[in-house]
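Read the structure below first, then the notes.
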Amino acid sequence: MYILKDKSYTCMYDPQKIEMTVTVGDESFIWNKNARIETKDGKTFYFKDAKCSHSARKDGIGECVLAAYSGFGELDIVINTKVMAQDTNQYLRFEVWVTGDDEDKISELYWPCGFEYNSDCGYTVLPRMQGSLIPAKYSEHLVEIPLVLKLTNKNSYKGVIFERDAYMPMYGQIKKAAGYLAIYDTPYDARYYFTHIPGEDTRIEPFFIPSLGKMAYKRIMLFSFWSECDYNIFAKKYKHYLKETGKFVTLKEKIAQNENVAKLIGAPIIHEQIVRHAKPGTMRYDEVNFENNDTCVTFETRCNQLKALKKKGVDRAYLHFDGWGRNGYDNMHPDVFPPSEKAGGAPGMKKLSDTASALGYVFGIHDQYRDYYYDAESFDMNNAIENEDGSHPFCDVWDGGSHTMLCQSLSPEYVKRNYKNFENLGINIEGAYLDVFGVVPLDECFNPEHRMTRKECCEKRLECFNILTSKGIIPSSEEAVDCMMKGIALCHHAPYFAFLDKEHDKPTPFGIPVPLFNLVWHESLIIPWTKIFKTDFDRWKCIPYTDTPYLHALLNGDTIYLPIEPNEDEIDVCNKVLELHKRVALEEMVEHRFLDDSYRVQQTVFSDGTKVTVNFDTDEYKISME
């Protein structure tokens, strides 16, 4: 048994028996002993059944225990591990790397072990979208989610880092007051295994997957422990980690790079469509009301709507137009030029851009550089993502029908090409939304001509955003996974995770919604909250159906969506939200509190002293200064 100590914890560790107890104050966190590997042919091997050699070492940054595991059936591998109590930053650091000729046979590597969670008081906090808090012994099902294909059984699932499962590569648990925060220091090929038994325990196990088929590099996790803490402390610690590693960029810094970003502060988001063409057989094709499959609102009509909007007193706004391309929304990407002729062509789009600018509005468009449509003029399957088995991804659910995925290593050149086309047409683009880059999992590609790891995929998506920034264009994307945060200034939405309840077909929250993401990233990103009133129900936007949507915008100090033809009530609410946004958009969210046991009365505090209190049951709110 080895003992690793820090001022905040004592770690008792037996690598042979796969036993670990971390004592924090009066509480202990104990390993579940489930360290294991899964192989690509469906076999499971546990560390506790393997041969183990181990030793202790002390170096300049802390004490550590090294262990090497071998004898995993017929596999020619050694799994090397290191546990270190770091003197430099009080992390308990876990490292694992694989050697041997059969490393390409591993599909999942579960190490370090997850902690058992047997507590009547406390909670788990997950970065599922904006954030979810799961109280100890929580009585609700959290796994039976329609359309989620990662289900393992009725009580567990596998979550993907840098997707809706985890905007941020971290999670934490608290027993009474003591708790720990887990940070994935190598997050690109990382996952978590989540188990929740209603009325019993919530457990999380981190695990790693191969990169281009192999466990090719060292994987690292960092754990921090406190005798007294809450999710606010978790957020502050993770934010400190981001700053230490150079990953945190504020809106002020983004404005210094691109002054147009400042136009977003205190501006509503207006999201509308120009042309839609849904092909038969696609998910959104209406087989009853055929007229819904082909719609067009001309550029000229949108010009007139913007002029009317200005007369209603909306002096600034960010405009997001879908379906401007030749065949409409989600069609023929990346070869979407020229602008739709039925909507007015390039002259009509230029007039819309010019009109927006004259009115003081930011002209932004929807764009796409991942979905790669078979009917695109330049389509070449060699440019598509290639899977490990030589196949290519396939999808036909969106309006444009059959498509694969463009390898992101090639995407930047398409971005350069298309925005040069805008320049040649004299169309002034001030904002560009690169669809799905901020929400879908990172891709990898096995094509030897453009082989790409998930980390390289991240770098290429950021390069696309940087190209836009260099042109003075405000970059945005669908949601807000934090590996994209250095590149984007705006996201489509970043609400709470919810699933569709079978009885009401309406969003039901996953656990207790908590603004974990904003506690970390608020002063780095403009986040609009969808809709305004309860009657504006939208099944895709993940606002719990019991809540009035604009109250979330106020609580989070964010902006909001506004219809292009708003009524007086919508404008009135919008103005209240924007008044607050002007005050706190560049401020840190320093604290979030639940003010009673119902979790329905909440309060946020910002770094300038602004305090927002919201009662979601009574629809009351108060804004004050500390």
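Here this note's numbering is used: the first residue of the sequence shown is 28, the next is one more, and so on. Virtual Cβ for every residue (Gly too), placed ideally from N, Cα, C. As the structure is a prediction and not an experimental result, all values here were calculated from the model.
Quick check: what's the CA-CA separation for Asn331 versus Leu386?
11 Å
Looking at the secondary structure, which residues open and close the alpha helix (DSSP H) in which Glu101 lies?
In the DSSP assignment, Glu101 falls outside any alpha helix (DSSP H) and carries neither an H nor an E.
Among Met652, Ala77, Ile587, Lys338, which residue has its Cα nearest to the Cα of Ala294?
Ile587
List, from N- to C-terminal side, the beta strand (DSSP E) runs of 3 residues or more that fit wholly inside the segment 361-439.
Whole beta strand (DSSP E) segments, 3+ residues: 389-394, 398-400, 430-432.
First and last residue of the beta strand (DSSP E) that includes Val123?
119-126
Leu546: first and last residue of the uninterrupted alpha helix (DSSP H) it sits in
Looking at the DSSP string, the run of the alpha helix (DSSP H) that includes Leu546 is 543-548.
DSSP three-state call for Phe221: helix, strand or coil?
strand
Sort out for me which residues DSSP pairs Glu190 with in a bridge.
Ala193
Determine whether the beta carbon atoms of Gly98 and Ala112 lie at a separation below 7 Å.
No, they are not a contact pair.
Could you tell me whether the segment 128-144 touches the segment 57-65, using the rule of 3 or more Cβ pairs below 8 Å?
yes
Unbroken alpha helix (DSSP H) run spanning Thr496, endpoints:
481-497
Do the segment 498-505 and the segment 256-263 make contact, defined as three or more Cβ pairs closer than 8 Å?
no
In terms of residue numbering, what span does the beta strand (DSSP E) encompassing Glu46 cover?
For Glu46, the enclosing beta strand (DSSP E) stretches over residues 46-51.
Mind the definition here: the segment 448-468 touches the segment 333-341 only if three or more C-beta pairs lie below 8 Å; say whether that holds.
no
Following the continuous alpha helix (DSSP H) through Tyr268, name the residue where it begins and the one where it ends.
DSSP places Tyr268 inside the alpha helix (DSSP H), whose first and last residues are 258-271.
Which value, in whole angstroms, describes the spacing of the CA atoms of Pro540 and Leu589?
24 Å
Name the DSSP bridge partner or partners of Lys306?
Answer is none; Lys306 lacks a bridge partner.
Determine, using beta carbons only, whether Asp131 and Lys245 come nearer to each other than 7 Å.
In this structure, Lys245 does not lie closer than 7 Å to Asp131 by Cβ.
Mapping the DSSP letters down to three states, classify Tyr577 as helix, strand or coil.
helix
Considering Cα atoms alone, identify which of Gly100, Val315, Asn320 is closest to Val302.
Asn320
For Tyr184 versus Phe221, is the C-beta distance shorter than 7 Å?
yes
May I ask you to list the residues that DSSP assigns as paired with Gln300?
Asp349
Between the alpha carbons of Ser384 and Glu450, how many angstroms are there, rounded?
Rounded to whole angstroms, Ser384 to Glu450 spans 16 Å at the Cα level.
Check the C-beta distance from Phe633 over to Glu647 and give it rounded, since I have them as a contact under 8 Å.
With a Cβ gap of about 20 Å, Phe633 and Glu647 do not count as contacting.
Roughly how far, in whole angstroms, is the beta-carbon of His347 from the beta-carbon of His298, given that I think they are within contact range, below 8 Å?
Indeed, because the Cβ distance is near 4 Å, the residues count as touching under 8 Å.
Could you tell me the distance, in whole angstroms, from the CA atom of His363 to the CA atom of Pro307?
For the record, residue 363 in the displayed sequence is Val; it is not His. Each residue's alpha carbon lies about 20 Å from the other.
Euclidean distance between Cα positions of Gln630 and Lys558:
Straight through space, the alpha carbons of Lys558 and Gln630 are spaced by roughly 21 Å.
What would DSSP say about Lys78, mapped onto helix, strand or coil?
Reduced to three states, the DSSP call for Lys78 is strand.
Assuming contact is defined by CB atoms lying nearer than 7 Å, are Gly465 and Met432 in contact in what I supplied?
For Gly465 and Met432, no; Cβs fall outside 7 Å.
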